[in-house]
Structures are given as structure tokens and as C-alpha cells.
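Chains as they are written, first to last, in this note's numbering: chain Z, 1 to 433; chain A, 1 to 179. Glycine included, each C-beta is placed from N, C-alpha and C at the ideal position.
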Amino acid sequence: MPKYEQILFNNMSKAGYTGSLKEYEAVGGYTAFKKVLKEYSSSDVIDIVKKSGLRGRGGAGFPAGLKWSFIPKDHVGPRYLCCNADESEPGTYKDRQLMEFDPHQMLEGMAICCYAIGAQTAYIYIRGEFDLGAEILENAIQEAYKAKLVGKDLFGSGFNLDIYVHRGAGAYICGEETALLESLEGKRGKPRIKPPFPAINGLYQEPTVINNVETLANVPYIINKGPEWFRTIGTEKSPGTKVFSVSGHVKKPGNYELPLGIPLREIIYDVAGGILGDKQLKAVIPGGASAPMMPPDQLDTPMDFDSVAAVGSMLGSAAITVMDEDTCIVWAAMNLMEFFYHESCGQCTPCREGSGWILQILRRIEGGEGRHSDLDQLLELCTRIGGRTVCAFGDAEIGPILSTIKHFRSEYERHIEEKGCPFHPNATLSMAH
Amino acid sequence: MKFKVLSKETIQRIEAQYPKYPDLRSVTLPALRIAQEDLGYVSEPAMIDIAELLDLTPIQVYEVATFYTQYNMKPVGKYLVQVCKTLSCALLGAMSIVEHLQKSLGIGIGETTNDGFFSLKVVECLASCGSAPMMQINNRYYENLTPEKVDQILDDLRENGRSDLATGPFMLPLLQEQS
Chain Z
1 MPKYEQILFN NMSKAGYTGS LKEYEAVGGY TAFKKVLKEY SSSDVIDIVK
51 KSGLRGRGGA GFPAGLKWSF IPKDHVGPRY LCCNADESEP GTYKDRQLME
101 FDPHQMLEGM AICCYAIGAQ TAYIYIRGEF DLGAEILENA IQEAYKAKLV
151 GKDLFGSGFN LDIYVHRGAG AYICGEETAL LESLEGKRGK PRIKPPFPAI
201 NGLYQEPTVI NNVETLANVP YIINKGPEWF RTIGTEKSPG TKVFSVSGHV
251 KKPGNYELPL GIPLREIIYD VAGGILGDKQ LKAVIPGGAS APMMPPDQLD
301 TPMDFDSVAA VGSMLGSAAI TVMDEDTCIV WAAMNLMEFF YHESCGQCTP
351 CREGSGWILQ ILRRIEGGEG RHSDLDQLLE LCTRIGGRTV CAFGDAEIGP
401 ILSTIKHFRS EYERHIEEKG CPFHPNATLS MAH
Chain A
1 MKFKVLSKET IQRIEAQYPK YPDLRSVTLP ALRIAQEDLG YVSEPAMIDI
51 AELLDLTPIQ VYEVATFYTQ YNMKPVGKYL VQVCKTLSCA LLGAMSIVEH
101 LQKSLGIGIG ETTNDGFFSL KVVECLASCG SAPMMQINNR YYENLTPEKV
151 DQILDDLREN GRSDLATGPF MLPLLQEQS
């Protein structure tokens with residue numbers, strides 16, 4: 001008996017389960033979708049999801065039922081669902097597992113969502129590198145068409161549904177929901193100014209819901225077992241489980257489905273087996289590269305949306321990157337800044353230019369040429385970026401900088417005073433590309 | 001219509017994407033991918049062909065091709081080796097994997113071996129952080145790398161054109177054994 005209740009990993013944890021339609025149906029797959037078509041109106045479904053308190057698993061934690069309810073009921077013309085399978089936040093590799101091991105689970109969630117919002121077309125926007133995932137999803141969709149679970153007039157309800165896979169081509173920003181829409185429309189992935197929100201003007205200017213893979217995968221279980229059951233797991237404001245992707249200096253990296261609200265310490269030391277080589281912990285990123293780093297004295301933080309926000313970071317995609325005592329924090333911040341500099345879409349000046357400036361300063365400090373004025377300069381730059389861009393990328397890229405200066409200022413100062421990196425004096429510093 | 005470089009088969013594969021979308025412009029990304037699969041990279045004539053096919057201007061295709069990192073704007077080797085360098089991989093030795101590859105292949109980052117077999121690139125996060133360090137070669141992932149494993153993979157590809165060390169379905173790190 002597992003210690004933690006498994007919802008999304010339940011099927012795939014069984015020996016020999018390959019995620020085929022037959023196997024998924026044998027464990028009750030698609031019963032929720034059939035139930036919805038027979039017994040519920042679209043607003044019933046939205047109410048159930050609202051009551052469950054399901055929050056978006058992609059990063060922002062926005063209530064899913066509420067998002068669905070924003071689609072105008074009286075809209076004439078197409079509506080769309082886009083499943084966000086871009087999985088581009090560094091540290092995150094959970095959707096890959098959900099798609100590759102149990103693709104029908106998310107397809108059923110998508111079908112139920114489409115019924116609820118009145119969409120007849122759904123796209124899965126999957127990151128371009130996931131060749132295997134795209135193949136598995138295409139096969140699963142074909143299985144569903146053959147079994148008449150997707151297609152025209154499903155179960156005589158008059159409800160039509162088409163699901164397509166759309167592959168990205170390598171751009172972090174396309175995980176941002178409006179950049180994703182631009183990319184699906186065949187353009188550069190540049191985020192749109194909001195409002196209007198996608199629920200009003202989304203894909204092809206039609207009302208659109210964008211939900212993460214993990215969010216949608218929860219929906220069939222909420223329908224079958226009820227919103228009250230869902231609320232028995234997790235916390236009051238963050239119900240349910242979350243798949244935590246643990247990586248970095250831990251003994252057992254991996255995806256773990258755990259109740260929201262579980263203390264960070266329990267995840268790192270119990271579930272993931274503790275720090276590699278039994279070293280001391282230096283810092284943790286709790287929710288993907290965009291989430292500000294947390295120092296060891298915050299290890300007892302419950303991992304739910306509000307508690308992580310309360311200590312100045314964010315749960316984000318719940319990708320936990322662990323760094324041991326020998327990690328150079330300036331180097332880690334520089335590594336992440338290289339990522340952000342490379343991935344800025346270039347639309348907004350503060351983000352595009354700011355990321356380059358910050359990177360230059362970090363390289364200088366790490367390379368032994370830091371100046372005492374550099375820390376103030378970094379903080380100043382951050383104030384010129386945060387909140388001044390079209391999308392949240394600007395706020396994301398300053399997270400690692402502000403948090404490392406706040407919690408590890410002395411390490412920066414040591415680099416500047418000693419004119420070099422105390423951790424890797426001779427190592428290759430960066431791999432710009 | 002007369003096309004510069006796209007073959008009839010390539011065009012048919014692109015046209016097979018049309019029914020998925022209400023707007024032809026949405027086919028831009030799939031079209032670039034298909035053209036690259038068939039030609040090895042995205043050349044200017046290929047982009048002009050795609051523009052012609054999708055009723056776009058060449059710049060509309062070009063600006064997309066240059067935005068996304070997966071499109072090769074120049075020819076690359078038969079095997080494109082892309083090593084992830086973002087934090088989780090970097091913490092677990094991505095740099096030594098890159099150094100090892102440079103030595104084994106005798107090329108620098110961004111270069112191609114003389115025999116045209118391998119190109120080496122360093123890239124940002126490929127969402128395989130729990131099995132770091134990792135690399136992608138063409139369309140397959142290779143994870144939990146060590147220098148010895150890297151050499152085995154290169155040998156396999158040289159000799160057989162494929163390697164069993166590629167990550168296949170259901171080969172991700174095992175789910176937790178919770179007691």
C-alpha cells in the first residue's frame with residue numbers, strides 16, 4: 001500500500017500497464033466522459049470542477065473550473081481547448097511521464113473539458129523535442145477515434161470532438177498561454193497583451209481554454225469520485241495531489257505524486273532519499289527555474305500554492321531542483337540567466353536587454369572581475385524589469401537573482417572580494433551557445 | 001505551381017496537415033518540421049516553397065523558422081547531438097559530458113565532424129531533469145549519461161545507425177517504490 005494516495009500515477013504504477021485504450025478502459029477509463037455525456041449539462045460539469053477546487057498545475061495555480069466558466073455561454077462560432085504540453089520550465093518533466101505512460105487519462109480529461117466549454121476542437125501543444133510523447137499521443141488519439149470516444153455524435157449525444165497534436169519547435173516562451181496560441185497560429189511565440197483574455201479572444205480570436213496536461217488528467221477522477229473526495233486530499237485552498245519533479249543533488253530523483261501541502265523537507269529527505277553523498281543542503285528551487293530559490297531554513301514550508309508564495313517563492317510547476325553545499329550560487333544563478341537570456345522572445349525591451357545585462361554582470365562576478373557596485377546594479381536592473389513586460393517572463397527571470405542576493409549575499413561578496421569563484425576556480429564557467 | 005526544392009512526397013506530407021487547422025498559416029510549424037526531416041535543414045528555397053504552398057510571404061515563414069531553436073538554418077551532420085546544459089543537468093556534470101564529446105568527436109560546440117556524421121550543440125532544458133545529464137540525438141533522448149555510455153552510443157550510431165541506449169517508452173526512471 002503506497003504511503004500517499006495516487007490518482008494520476010495509480011494506473012501506471014501497476015506492473016505491465018502500458019497505457020493502451022483497452023487497459024485504460026479496464027480500470028474504468030472513459031466512464032467519466034460517458035457519464036458526463038449522459039447525465040450532466042455543461043454547467044453541471046463546470047460546477048463540479050469548481051467545487052473540487054482544482055487549480056492549474058502548469059504554474060499559475062488558477063482555479064480550473066473558474067477558467068472554464070469564463071467562456072461566454074452565448075458565443076456563436078467555434079471554441080477551443082488547448083492542452084499545454086509544452087513542459088518547458090526547467091526542472092519539470094512530469095507531463096512527459098503522464099503523456100507517455102497513460103495518454104488516455106489526459107485525453108478523457110480533455111474530452112470532458114471540451115464538453116463543458118462547448119468546444120469541438122482541441123489541440124495538444126506538445127514541445128517539439130517530445131518525439132516519443134507525440135507518437136504515443138497520436139496513437140492514443142487514433143485508438144479513441146476507432147472506439148468512437150472521439151469523433152462525431154459521440155454516444156448519440158450530438159456532441160462532436162476532434163483532438164489534434166500540434167508540435168512545438170523549441171521555444172520556452174510557448175509554454176506561456178498566449179505565446180502558445182500565437183505558435184499554434186503559425187507565428188513567432190510572442191505573448192499577447194492581456195486583456196483580452198483567451199477565454200474571450202483566444203485561438204483564431206475565438207474563446208479558448210488553455211490547461212496543463214496534469215490539470216486535465218485530474219478531471220475524470222473528479223467526475224467519477226466527486227469534488228468532496230478530491231478535497232479530502234491536499235489542503236483547503238490547494239486540494240488534490242501534485243506531481244513533484246525532483247532533480248539535482250538528491251539520491252532518488254524522479255516524479256512523485258504527493259498530496260499538496262506536504263512539507264518540502266519530507267519530499268527531499270524522505271521521498272527523494274536525501275542529498276547525494278549525505279552532504280548539506282544549500283538551496284532549493286521549489287517550482288521550476290522561474291521560482292525564487294529557498295534557503296534551508298525554509299524546508300518546513302508546506303508545498304501548496306499559498307504557503308510557498310507566503311515565503312516569497314512560488315509552487316509553479318512543482319519542479320524541485322536541489323543544490324548541495326558545494327554548489328556555487330553565483331554560478332547557479334548565471335546558469336539560469338543564460339537560459340532566460342536565450343529564451344527571451346525579444347518582444348519587450350526590459351526583458352530582452354535586461355537579461356543580457358544581468359548575465360554580463362553575473363559572468364563578470366563569477367569570472368573574478370566583479371565590482372562592489374555590481375550587487376546594487378543587479379538589484380536596480382531587476383526593478384526595471386519586474387512588472388514591466390507583456391508576460392510574466394520578466395518577473396520570472398529576476399526571481400533567481402533577487403532570491404540569491406537576498407539569501408546568499410555573502411557568497412556574491414566573497415566572489416568579488418576574492419576576485420574569483422571559491423567553488424570552481426579553474427572550471428569552464430559557462431557554455432554560451 | 002512549381003517548387004524549388006520540396007519534393008512531391010514532402011508536399012503531400014505537408015498537405016496532410018491541412019485538415020487539422022481552420023487557417024493554413026497554422027501549418028507553418030509542421031511544414032518546416034517536415035521540410036527539415038526531408039532535406040536535413042531549412043534552406044531559403046525551402047522556406048520560399050512553404051510560403052508558396054501556404055499562401056504566405058517568405059518573410060512570414062522565415063521569421064518563424066528563425067524564432068524556434070529546432071529548425072536548422074544550416075546543414076548539420078547525420079546525427080545532431082544536443083546536450084542539455086540547464087541547471088539540473090549542469091549540477092550533475094553536463095559540462096564534463098560536453099567536454100568528453102568534444103574530445104571523442106574532435107570538434108567544438110557548433111561544429112560538424114569531417115565525415116559529416118556528427119554535429120555537436122549545447123542546448124537549454126529538454127525536460128529530462130530527473131535523468132540528468134542527458135542529450136538528444138536526432139529525435140531520441142539518451143539519459144543518465146556517463147562518458148562510457150556516451151562513447152557506446154557514438155559507436156552504436158557509427159556502426160548500426162541506431163543505439164539501444166536511447167530512451168524508449170516506459171523507460172523513464174521507475175516510479176517511486178513507496179512503503
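Should residue i and residue j be called a contact, given that it needs their Cβ atoms to be closer than 9 Å?
i, j, result
"residue 124 of chain Z", "residue 166 of chain Z", "yes"
"residue 307 of chain Z", "residue 291 of chain Z", "no"
"residue 19 of chain Z", "residue 214 of chain Z", "no"
"residue 260 of chain Z", "residue 232 of chain Z", "no"
"residue 421 of chain Z", "residue 348 of chain Z", "no"
"residue 244 of chain Z", "residue 54 of chain Z", "no"
"residue 323 of chain Z", "residue 283 of chain Z", "yes"
"residue 135 of chain A", "residue 101 of chain A", "yes"
"residue 105 of chain A", "residue 64 of chain A", "no"
"residue 173 of chain Z", "residue 344 of chain Z", "yes"
"residue 398 of chain Z", "residue 358 of chain Z", "yes"
"residue 321 of chain Z", "residue 247 of chain Z", "yes"
"residue 121 of chain A", "residue 130 of chain A", "no"
"residue 128 of chain A", "residue 79 of chain A", "no"
"residue 30 of chain Z", "residue 104 of chain Z", "yes"
"residue 294 of chain Z", "residue 400 of chain Z", "no"
Please tell me whether residue i has its Cβ less than 9 Å away from any Cβ of chain A.
i, result
"residue 188 of chain Z", "yes"
"residue 84 of chain Z", "no"
"residue 20 of chain Z", "no"
"residue 290 of chain Z", "no"
"residue 404 of chain Z", "no"
"residue 423 of chain Z", "no"
"residue 338 of chain Z", "yes"
"residue 249 of chain Z", "yes"
"residue 132 of chain Z", "yes"
"residue 57 of chain Z", "no"
"residue 140 of chain Z", "no"
Please decide whether residue i counts as near chain Z, where near means a Cβ-Cβ distance under 9 Å.
i, result
"residue 101 of chain A", "no"
"residue 91 of chain A", "yes"
"residue 161 of chain A", "no"
"residue 67 of chain A", "yes"
"residue 20 of chain A", "yes"
"residue 178 of chain A", "Residue placement at residue 178 of chain A is poorly supported in this model, since its pLDDT is 38, which falls under 50; the coordinates still yield a value, given next. Yes, because at least one Cβ of chain Z sits closer than 9 Å to the Cβ of residue 178 of chain A."
"residue 173 of chain A", "For residue 173 of chain A, the pLDDT reaches just 42, beneath the cut-off of 50, and the residue's location in the model is therefore unreliable, although a value from the coordinates is still provided. Taking Cβ atoms only, chain Z reaches closer than 9 Å to residue 173 of chain A, which makes this a yes."
"residue 41 of chain A", "no"
"residue 30 of chain A", "yes"
"residue 57 of chain A", "no"
"residue 85 of chain A", "yes"
"residue 77 of chain A", "no"
"residue 158 of chain A", "no"
Would you identify the three-state DSSP class for residue i, choosing helix, strand or coil?
i, result
"residue 87 of chain Z", "coil"
"residue 314 of chain Z", "coil"
"residue 16 of chain A", "coil"
"residue 167 of chain Z", "strand"
"residue 46 of chain A", "helix"
"residue 253 of chain Z", "coil"
"residue 81 of chain Z", "strand"
"residue 241 of chain Z", "strand"
"residue 123 of chain Z", "strand"
"residue 109 of chain A", "coil"
"residue 367 of chain Z", "coil"
"residue 209 of chain Z", "strand"
"residue 184 of chain A", "This structure leaves residue 184 of chain A out entirely; chain A is present only between 1 and 179."
"residue 41 of chain Z", "coil"
Would you please state the rounded distance, in angstroms, between the beta carbons of residue i and residue j? I believe it to be under 8 Å.
i, j, result
"residue 346 of chain Z", "residue 319 of chain Z", "That pair is no contact at about 25 Å."
"residue 239 of chain Z", "residue 69 of chain Z", "With a Cβ gap of about 18 Å, residue 239 of chain Z and residue 69 of chain Z do not count as contacting."
"residue 50 of chain Z", "residue 66 of chain Z", "6 Å"
"residue 317 of chain Z", "residue 89 of chain Z", "5 Å"
"residue 339 of chain Z", "residue 66 of chain A", "Actually they are not in contact, since the Cβ atoms of residue 339 of chain Z and residue 66 of chain A sit about 19 Å apart, beyond 8 Å."
"residue 159 of chain Z", "residue 115 of chain Z", "6 Å"
"residue 208 of chain Z", "residue 80 of chain Z", "4 Å"
"residue 250 of chain Z", "residue 275 of chain Z", "6 Å"
"residue 15 of chain Z", "residue 98 of chain Z", "That belief does not hold up - the Cβ atoms of residue 15 of chain Z and residue 98 of chain Z are roughly 19 Å apart, past 8 Å."
Less than 8 Å separating the Cβ of residue i from some heavy atom of the ligand ZN?
i, result
"residue 166 of chain Z", "Ligands are entirely absent from the displayed structure, and the ligand ZN is therefore not among its contents."
Discussion item. Ignoring anything shorter than 4 residues, give me the alpha helix (DSSP H) runs that lie fully in the stretch 133 to 199 of chain Z, in order along the chain.
Written reply: Qualifying alpha helix (DSSP H) stretches, in chain order: 177 to 184.
Practice prompt. Please list the segments of the alpha helix (DSSP H) lying wholly inside the stretch 253 to 312 of chain Z, counting only runs of 4 or more residues, in order along the chain.
Written response: Runs found: 305 to 310.
Practice prompt. Jot down the residue ranges of each uninterrupted alpha helix (DSSP H) in the stretch 47 to 88 of chain A, minimum 4 residues, whole runs only, in chain order.
Written response: 58 to 67
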